[in-house]
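The listed protein sequences correspond, in order, to chains R and D.
Note that my numbering has the first sequence beginning at 46, numbered continuously upward.
Note that my numbering has the second sequence beginning at 4, numbered continuously upward.
Cβ atoms here follow ideal geometry from the backbone N, Cα and C, with glycine treated the same way.
In this text the structure is predicted, and so the values were computed from the model without any measurement.
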Amino acid sequence: MARLVGRRAVFAVPVLLLVTFGVFAVAEASPFDPVKAYAGTAGLTASQENLDQLRANLGVDRPLVSRWWDWLTSALQGDLGDSSTLRQPVADAIGERVGWSVLLAATAFVLAILVGSALGVLAARRPGGWLDRAVTSLAYTLEAAPPFWLGLLAVWLFALKLGVLPAGGLTDTSSAAVTAAQVTNHLVLPAAVLAVSQLPWFVLYVRQGVGDALGDDPVRGARARGLAERTVLLKHAFRSGMLPVLTLIGSRVPELITGALLVETVFSWPGIAAATVQAATSVDFPLLAALTALATVAVLLGNLLADLLYGLADPRVGFDG
Amino acid sequence: MADKPAATGVLAPADTEVTWRSAPGRSGRSAGARKASRSTRAWRVWSSAAIVTAVVLAVLIVPPLADLDEQAVHLADKLLPPSLEHPFGTDDVGRDLLLRCVYGLRVSLLVGVVAAVVATVIGTAVGALAASAGGWVDRIVMRLVDVFSSVPHLLLGIFIVAMFRPGVWPVVISVALTHWLSTARIVRAEVLSLRSRPYVDAAISGGASRRRVTVRHLLPGVLPQAGLAAVLMVPHAIWHESALSFLGLGLPTHQASLGTLVQSARSSLLAGDWWPTLFPGLFIIVPTLAIAGLAGAWRDRINPRRRSELML
Numbered sequence: 046m047a048r049l050v051g052r053r054a055v056f057a058v059p060v061l062l063l064v065t066f067g068v069f070a071v072a073e074a075s076p077f078d079p080v081k082a083y084a085g086t087a088g089l090t091a092s093q094e095n096l097d098q099l100r101a102n103l104g105v106d107r108p109l110v111s112r113w114w115d116w117l118t119s120a121l122q123g124d125l126g127d128s129s130t131l132r133q134p135v136a137d138a139i140g141e142r143v144g145w146s147v148l149l150a151a152t153a154f155v156l157a158i159l160v161g162s163a164l165g166v167l168a169a170r171r172p173g174g175w176l177d178r179a180v181t182s183l184a185y186t187l188e189a190a191p192p193f194w195l196g197l198l199a200v201w202l203f204a205l206k207l208g209v210l211p212a213g214g215l216t217d218t219s220s221a222a223v224t225a226a227q228v229t230n231h232l233v234l235p236a237a238v239l240a241v242s243q244l245p246w247f248v249l250y251v252r253q254g255v256g257d258a259l260g261d262d263p264v265r266g267a268r269a270r271g272l273a274e275r276t277v278l279l280k281h282a283f284r285s286g287m288l289p290v291l292t293l294i295g296s297r298v299p300e301l302i303t304g305a306l307l308v309e310t311v312f313s314w315p316g317i318a319a320a321t322v323q324a325a326t327s328v329d330f331p332l333l334a335a336l337t338a339l340a341t342v343a344v345l346l347g348n349l350l351a352d353l354l355y356g357l358a359d360p361r362v363g364f365d366g
Numbered sequence: 004m005a006d007k008p009a010a011t012g013v014l015a016p017a018d019t020e021v022t023w024r025s026a027p028g029r030s031g032r033s034a035g036a037r038k039a040s041r042s043t044r045a046w047r048v049w050s051s052a053a054i055v056t057a058v059v060l061a062v063l064i065v066p067p068l069a070d071l072d073e074q075a076v077h078l079a080d081k082l083l084p085p086s087l088e089h090p091f092g093t094d095d096v097g098r099d100l101l102l103r104c105v106y107g108l109r110v111s112l113l114v115g116v117v118a119a120v121v122a123t124v125i126g127t128a129v130g131a132l133a134a135s136a137g138g139w140v141d142r143i144v145m146r147l148v149d150v151f152s153s154v155p156h157l158l159l160g161i162f163i164v165a166m167f168r169p170g171v172w173p174v175v176i177s178v179a180l181t182h183w184l185s186t187a188r189i190v191r192a193e194v195l196s197l198r199s200r201p202y203v204d205a206a207i208s209g210g211a212s213r214r215r216v217t218v219r220h221l222l223p224g225v226l227p228q229a230g231l232a233a234v235l236m237v238p239h240a241i242w243h244e245s246a247l248s249f250l251g252l253g254l255p256t257h258q259a260s261l262g263t264l265v266q267s268a269r270s271s272l273l274a275g276d277w278w279p280t281l282f283p284g285l286f287i288i289v290p291t292l293a294i295a296g297l298a299g300a301w302r303d304r305i306n307p308r309r310r311s312e313l314m315l
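This is the structure:
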């Protein structure tokens, strides 16, 4: 297992080098000008001399590769530059926010696994039955529905019509401190919407996994031994049917990040995904570059997790492959 | 890592679609149920075809024929709930939402189709190159595909659009650049499997050049799969475009797409008016499901052994 982790770490190095270099290359090719971005509105009235001085200070004139290398070496020492939108060092901005994003994503993911497994098993029990049709149709419809749209409709229903849950943010505007009760209350809607956006995948894969397992020999054997249908379904079919699903969980990180980008924005959740959108809107390059690299690390970790789970869940699979 | 499904359901690339293995003698499926499911499938194909036809007709015919200005502001009629005169209601400056949705769908569909075509061309070229070159070219190209797919699609799209904003082209390019990966993998796998067929061997021993083998014998065999991937990519591209527009990074407001409509409806929604938000979303979902239904039928045709039974 250590070998697999080592190999993946070795693969991660060129990936991160390429991704960060790509980020710098795209910025180089774009009409984006760091000097104007840095100077802001003052840049409109500043003299050409001042702008040139600023250009020299920021080191914008130097070639792409050396700027990228400087960024990389200081990033490895923990200095990711300063964010112009949040007016603080990028490392601090990420440190403050990453916890809230992880809380939201983890809650949603656990919720999606629980509800998705339950619905998937129910649907697999009688393929083609009305329950199966209802669950599958719902899954496909939810898959097609944009998460931001679901989020807005949820705000309308639960916050405006029923008035049972807050519409966004982390705490009530009137409260100064961040308390656990407040956060829980504000977490319900965004986590539920993010979970719903991840749900279709779980439902369809569990349905297929359990459905296939129901036709396999071990289940036929369990039935022949006269075990109760409940035992057959939950102890035999569910267990072996969940194997392929479990191993794919790690590879869902990109979709989770995509969902979080939209859901955090809808609910003004103070996480890094919402910060990414802000950074993009105001072309905050240092923050965007760092967040892209961070997201890549998250995806690679997810892939590693997927491979590890694959080996753990199915002893026939070696870790060398 | 490369072979793991990245997405599923209606927005999935063709190779990762959830399929229901219909082994003979499956438990609990009587002849009657199978017959019923065949008629359900036919119904699904025809209703999907009807919806897609209606969508195409609506976006092609309504704008030139209907001499209506979708931008016309009628402040007296603002935020009317759905009625006979305005089936979808009106928005916060009194514009008819049905008309706005049709125009938004037109913009979204255009962006989606162009992005899907560009992505399919890139993906087919890269996949065919990797498979027919083989060796270290193949290894390096497929590693690059892996690297590309290590960045979440929407994040990469956001980054590209943020840097090149504003306009239609940055959106098209950002969607296309993030969507060719699955096509490249599908095409590569298909070319590799085609290359081991006897007729390709025959062509090679007949002295055909590598280029001729690729262009005459391999690419035509790949086209149905690539076409299927392209069709399935259209809803995915629309989804991405609307997400970018919703985040305020996509199309400018005078070229309202469906995502822009949802975005600009936010203030009315917070005031309690649901219709400006609801209908643009339905305009994304219904065509997506219809295209997926048609693509499913197409896949069953070109790939009869992997018959899927999406019960919609």
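Under the three-state reduction of DSSP, which class applies to residue i: helix, strand or coil?
i                      : result
residue 133 of chain R : strand
residue 80 of chain D  : helix
residue 29 of chain D  : Low local confidence applies: a pLDDT of 41 at residue 29 of chain D is under 50, so the model's placement there is unreliable, and no value is given.
residue 217 of chain R : coil
residue 224 of chain R : coil
residue 97 of chain R  : helix
residue 177 of chain R : helix
residue 95 of chain D  : coil
residue 350 of chain R : helix
residue 138 of chain D : helix
residue 224 of chain D : helix
residue 289 of chain R : helix
residue 279 of chain D : helix
residue 155 of chain D : coil
residue 88 of chain D  : coil
residue 255 of chain D : coil
residue 170 of chain D : coil
residue 149 of chain D : helix
residue 46 of chain D  : helix
residue 208 of chain R : coil
residue 35 of chain D  : In this predicted model, residue 35 of chain D has a pLDDT of only 47, less than 50, meaning its place in the structure is not dependable; the value taken from the coordinates is given anyway. Helix, per DSSP.
residue 62 of chain R  : helix
Hey, is residue i's beta-carbon within less than 9 angstroms of any beta-carbon in chain D?
i                      : result
residue 348 of chain R : yes
residue 185 of chain R : yes
residue 337 of chain R : yes
residue 237 of chain R : no
residue 158 of chain R : no
residue 81 of chain R  : no
residue 308 of chain R : no
residue 263 of chain R : no
DSSP has residue i in a bridge; who is on the other side?
i                      : result
residue 128 of chain R : R/133
For chain R, find out if any of its Cβ atoms is closer than 9 angstroms to the Cβ of residue i; answer yes or no.
i                      : result
residue 188 of chain D : no
residue 84 of chain D  : no
residue 238 of chain D : yes
residue 284 of chain D : yes
residue 90 of chain D  : no
residue 295 of chain D : yes
residue 182 of chain D : no
residue 128 of chain D : no
residue 246 of chain D : yes
Measuring alpha carbon to alpha carbon, tell me which residue in the options is nearest residue i.
i                      : options                    : result
residue 253 of chain R : R/83, R/167, R/92          : R/167
residue 3 of chain R   : R/226, R/228, R/142, R/243 : Since the first residue of chain R shown is 46 and the last is 366, residue 3 of chain R is not available in this structure.
residue 309 of chain R : R/105, R/114, R/240        : R/240
residue 181 of chain D : D/154, D/104, D/197        : D/154
residue 239 of chain D : D/96, D/221, D/123         : D/123
residue 110 of chain D : D/270, D/189, D/263, D/267 : D/263
residue 124 of chain R : R/153, R/332, R/360, R/212 : R/332
Are any of the Cβ atoms in chain C nearer than 9 angstroms to that of residue i?
i                      : result
residue 168 of chain D : Protein chains R and D are contained in the structure displayed, whereas chain C is not.
Do the CB positions of residue i and residue j come within less than 9 angstroms of each other?
i                      : j                      : result
residue 284 of chain D : residue 279 of chain R : no
residue 344 of chain R : residue 277 of chain R : no
residue 237 of chain D : residue 116 of chain D : yes
residue 178 of chain D : residue 114 of chain D : yes
residue 158 of chain D : residue 336 of chain R : yes
residue 186 of chain D : residue 127 of chain D : yes
residue 295 of chain D : residue 185 of chain R : yes
residue 183 of chain D : residue 241 of chain D : no
residue 58 of chain D  : residue 293 of chain D : yes
residue 246 of chain D : residue 306 of chain R : yes
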